[in-house]
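Okay, so here's the structure we're looking at.
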Amino acid sequence: MITCVVEYVIDPAKIDAFERFGRRWIELVNRHGGTHHGYFLPAEGASDKALALFSFPSLAAYEEYRGLFGTHPDFVEADRIRDESGCVLRYERTFMRPLLPADA
């Protein structure tokens with residue numbers, strides 16, 4: 001299993017748009033072979049940080065999913081939410097492997 005951690009810098013004034021963007025990507029990841037663990041948004045105080053975590057069975061499965069970016073109409077529509085609203089200022093993607101309680 002491989003888990004993608006996406007660290008976002010968001011526009012706090014556009015949190016509603018970011019939530020729409022996140023809901024759409026949760027649906028797409030789950031529909032295309034992954035497991036989305038959710039988006040983690042600012043809860044208190046002024047913050048421009050958000051996280052997303054999702055997993056795929058393998059890097060090859062993730063790459064298959066990534067192959068749909070920019071071509072599949074649902075993916076294009078989801079990115080349009082981000083692009084037109086300006087809710088995401090920048091992001092960084094990191095791949096990790098989980099160590100889960102069952103692995104102990």
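Sequential numbering of the sequence shown, starting at 1, is according to full-length UniProt numbering.
A virtual CB, placed ideally from N, CA and C, is assigned to each residue, including glycine.
Predicted model only: the values in this text are computed from it and were never measured.
Closest in alpha carbon position to I10, among D103, Y91, S55, is Y91. Cβ-Cβ separation between S55 and H37: approximately 7 Å, consistent with a contact (criterion under 8 Å). A contact between stretches requires three or more CB pairs, one per stretch, nearer than 8 Å, and the region 61 to 80 meets this requirement with the region 28 to 47. Membership of E27 in the alpha helix (DSSP H) is indicated by the continuous run 15 to 31. A straight-line Cα-Cα distance of about 29 Å links R66 and P101. For L89, the enclosing beta strand (DSSP E) starts and ends at 88 to 96. In the DSSP assignment, A52 is bridged to V6, Y39. Distance from M1 to R97 at the Cβ level is roughly 7 Å; contact confirmed, criterion being Cβ atoms closer than 8 Å. Excluding residues up to 5 positions away in sequence, I10, D11, K14, A17, F18, F21 lie with their Cβ nearer than 7 Å to the Cβ of C87 in the same chain.
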